[in-house]
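To start, the structure itself, in C-alpha cells.
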C-alpha cells in the first residue's frame with residue numbers, strides 16, 4: 028500500500044503547528060512541523076514531502092521568499108497560510124509559485140479539503156509503463172515540448188523549466204485545445220476542477236507566470252493571447268510529439 032501523503036507544516040506558532048499536525052494525522056496524513064525556513068530546508072532534504080503548508084509571516088526569511096526558492100528547484104505543491112487577507116498578498120503568493128492560499132483563521136474541514144484538492148491536481152495521470160520520452164501524449168509547440176508523462180516542460184535546447192502544479196495544469200488545458208478561445212471559468216474548471224476553491228484572479232496570475240517562462244517577449248505574447256471579453260487562446264501550432 029502506498030504511504031499516506033507527507034505534509035510539511037512551516038509556522039512559527041507552536042500552537043498552530045500542534046493543532047494542524049493533530050488534525051492532519053486524524054485524517055490519515057503524515058505530518059512534520061517546523062518553525063522556520065532553515066528547518067524547512069532540512070526537512071525537505073531529509074524526507075519526501077508531498078505538500079508544504081507555508082506561513083507567510085516567519086522569522087528570518089519570510090514565506091514568500093521561501094516559496095520562490097522552493098519553486099525554483101521543485102514542483103512540490105505549496106499552500107500559503109497567512110493572517111493577512113489583502114488581495115495583494117494573495118496574488119503575490121500565487122505569483123511566487125504557491126498552488127493555493129488559505130487565510131487564518133481557518134477551519135480544519137476547509138484545510139483538509141484544500142490539501143486533498145491540491146494533492147489530486149498534483150498527482151496527475153499515472154505514468155505508463157516503459158520508456159516515456161517517445162510515448163504519445165507529449166505536445167510540441169514553438170520552441171517547447173510539454174512531456175505529459177514526466178509533467179515536464181523542455182526547451183528545444185534540452186533545458187527543463189520547472190512548473191508549479193497550477194502552471195502545469197493550466198498549460199496542459201491550453202495545449203490540448205489550441206486555437207480555441209477559453210473563458211476564465213472554463214479554464215478554472217479544466218485546470219483546477221470544480222472541487223477546488225479558487226480565487227478570482229488565479230487564472231490571470233497563472234497566465235502571467237506562464238508567459239514569463241514561454242514567451243520571447245512576455246509584453247507581446249504570441250503563444251498565449253488575450254481575447255478581450257472572451258478569455259485566452261493558445262495561439263501557437265501544437266503537434267503531438
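Residue numbers (the numbering used here): 28 to 268.
Even glycine gets a Cβ: it sits at the ideal position worked out from N, Cα and C.
Measuring CA to CA, which of 247, 174, 104 is closest to residue 145? 104
Return no unless some Cβ of chain B is closer than 8 Å to the Cβ of residue 241. Included in the structure is just one protein chain, with no chain B present.
List the whole-angstrom C-beta distance separating residue 36 from residue 59, where the pair is believed to meet the contact cut-off of C-beta under 8 Å. 7 Å
Any idea what DSSP makes of residue 122, helix, strand or coil? helix
Endpoints, alpha helix (DSSP H) assigned at residue 110: Run containing residue 110: none; DSSP gives neither H nor E here.
Pull the bridge partners of residue 209 from the DSSP assignment, please. 259
CB contact flag (residue 349, residue 237, <8 Å): One cannot answer for residue 349 here, as it falls past the ends of the chain, which runs 28 to 268.
To the nearest angstrom, how far is it from the Cα of residue 262 to the Cα of residue 135? 42 Å
Runs of alpha helix (DSSP H) wholly within the segment 172 to 211 (minimum 4 residues, chain order): 192 to 202
Leaving aside the five residues before and after residue 233 along the sequence, list all residues of the same chain whose C-beta is less than 7 Å from its C-beta, in chain order. 193, 194, 197
Going by DSSP, what residue range makes up the alpha helix (DSSP H) through residue 83? Note, residue 83: premise wrong, no alpha helix (DSSP H); not H, not E.
Between which residues of its own chain and residue 265 is the CB-CB distance below 6 Å, once the five residues before and five after are set aside? 166, 168, 202, 205.
Which word fits residue 243, buried or exposed, when buried means at least 16 other C-beta atoms lie within 10 angstroms of its C-beta? exposed
Using three-state DSSP, classify residue 249 as helix, strand or coil. coil
Give the secondary structure of residue 13 by DSSP, where H, G and I count as helix, E and B as strand, and everything else as coil. The question about residue 13 has no answer here: the residues shown for the chain are numbered 28 through 268.
What's the C-alpha gap between residue 259 and residue 45? Distance between residue 259 and residue 45, taken at the CA atoms: about 43 Å.
Under 8 Å: do the segment 60 to 68 and the segment 85 to 104 share three or more Cβ pairs, one atom per stretch? yes
8 Å contact criterion, which residue 127 and residue 141 should meet: CB distance rounded: For residue 127 against residue 141, the beta-carbon gap comes to about 6 Å, under 8 Å, which counts as contact.
contact_flag[the segment 92 to 109, the segment 70 to 81] where n(CB pairs < 8 Å) is 3 or more: yes
What does the Cβ neighbour count give for residue 125, buried or exposed, with the cut at 16 atoms within 10 Å? buried
Delimiting residues of the beta strand (DSSP E) encompassing residue 266: Per DSSP, residue 266 belongs to the beta strand (DSSP E) from 265 to 267.
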